[in-house]
Amino acid sequence: MRLAQVLFSQGFGTRRDCAGLVAMGRVSVGGRVVDDPQAEFDTDGLVFEVDGQAWPYQERALVMLHKPAGYECSQKPRHHPSVLSLLPPPLRTRGLQPVGRLDEDTTGLLLLTDDGALIHRLTSPRHHVPKVYEVGAKHPVDDAQVARLLAGVVLDDAPTPVRAAAAERNGERGLRLTLLEGKYHQVKRMIAAVGNRVETLHRSSFGALALPADLAAGEWRWVAPDALR
Ligand code: URA
Numbered sequence: 002m003r004l005a006q007v008l009f010s011q012g013f014g015t016r017r018d019c020a021g022l023v024a025m026g027r028v029s030v031g032g033r034v035v036d037d038p039q040a041e042f043d044t045d046g047l048v049f050e051v052d053g054q055a056w057p058y059q060e061r062a063l064v065m066l067h068k069p070a071g072y073e074c075s076q077k078p079r080h081h082p083s084v085l086s087l088l089p090p091p092l093r094t095r096g097l098q099p100v101g102r103l104d105e106d107t108t109g110l111l112l113l114t115d116d117g118a119l120i121h122r123l124t125s126p127r128h129h130v131p132k133v134y135e136v137g138a139k140h141p142v143d144d145a146q147v148a149r150l151l152a153g154v155v156l157d158d159a160p161t162p163v164r165a166a167a168a169e170r171n172g173e174r175g176l177r178l179t180l181l182e183g184k185y186h187q188v189k190r191m192i193a194a195v196g197n198r199v200e201t202l203h204r205s206s207f208g209a210l211a212l213p214a215d216l217a218a219g220e221w222r223w224v225a226p227d228a229l230r
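Going from the sequence shown to the numbering used here is simple: count from 1 and add 1.
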């Protein structure tokens with residue numbers, strides 16, 4: 002693929018912007034500046050640098066973000082900035098979308114991708130992707146609450162009970178909950194249904210991926226496409 006086309010496909014602006022970046026000598030490959038926009042490269046395993054920052058070529062982009070509180074997952078946020086504002090411009094230009102949503106006050110692991118089929122697979126209720134949430138509750142968590150969460154509680158929008166795939170107490174007011182669906186405010190509504198209240202909510206894993214301890218709130222990282230399997 003031509004270098005200007007590589008940049009275009011990776012979100013570095015219009016075709017003209019991308020040809021300009023190359024012609025200005027701002028792009029290098031393998032440590033050498035390439036200023037010919039038409040120079041051809043094999044995209045397999047290609048890493049290029051723009052203004053000294055390395056970018057791996059990715060046909061589809063998949064990243065994880067440690068979502069801080071105070072950000073909305075919506076593309077048109079109403080009261081707080083969008084999580085997309087935490088990503089660098091090329092990823093925003095590529096049209097990455099959050100895989101499901103976390104509430105504005107929820108922290109933790111959020112995946113974003115421009116692969117629509119992957120979003121569908123990861124969010125479809127048929128696929129039962131486990132999500133682990135660390136809940137900080139207002140009142141002490143007791144065994145009866147844990148038993149009810151495991152047995153299933155009825156929420157206000159559907160008659161079928163929803164149950165936690167796993168629920169473990171974690172300290173007096175803490176609970177680690179594993180859910181297989183992703184209904185609107187599901188954790189908060191399930192905890193309310195057993196007579197308690199969520200004060201803090203953090204997602205620590207999504208499918209096979211756990212939030213890395215060294216990924217600070219607000220930071221993002223590439224995810225290898227096979228890391229979710
Ligand atoms: N359940 C909730 O209630 N909120 C979230 O952000 C995620 C799951």
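Where is the CB? At the ideal position from N, CA and C, for every residue including glycine. Keep in mind the model is a prediction, meaning the values are calculated, not measured.
List the residues that DSSP assigns as beta-bridge partners of residue i.
i, result
"residue 110", "67"
"residue 41", "3"
"residue 51", "28 and 54"
"residue 207", "132 and 210"
Along the chain, where does the alpha helix (DSSP H) containing residue i start, and where does it finish?
i, result
"residue 187", "187–194"
"residue 6", "4–10"
"residue 93", "90–94"
Assuming residue i is part of the beta strand (DSSP E), what are its boundary residues?
i, result
"residue 28", "28–30"
"residue 136", "132–138"
"residue 167", "167–170"
"residue 121", "No beta strand (DSSP E) contains residue 121, which is instead part of the alpha helix (DSSP H) from 117–124."
"residue 177", "175–180"
From residue i to residue j, what does the alpha carbon distance come to, in whole angstroms?
i, j, result
"residue 151", "residue 99", "28 Å"
"residue 190", "residue 206", "20 Å"
"residue 10", "residue 123", "24 Å"
"residue 8", "residue 92", "12 Å"
"residue 202", "residue 226", "27 Å"
"residue 101", "residue 163", "18 Å"
"residue 80", "residue 34", "43 Å"
Please find out if some non-hydrogen atom of ligand 1 comes closer than 7 Å to the beta-carbon of residue i.
i, result
"residue 201", "no"
"residue 94", "no"
"residue 104", "yes"
"residue 154", "no"
"residue 107", "yes"
"residue 187", "yes"
"residue 134", "yes"
Do residue i and residue j have their CB atoms nearer than 8 Å?
i, j, result
"residue 24", "residue 43", "no"
"residue 63", "residue 224", "yes"
"residue 178", "residue 208", "no"
"residue 248", "residue 41", "Shown here, the chain extends from 2 to 230; a query on residue 248 therefore has no answer."
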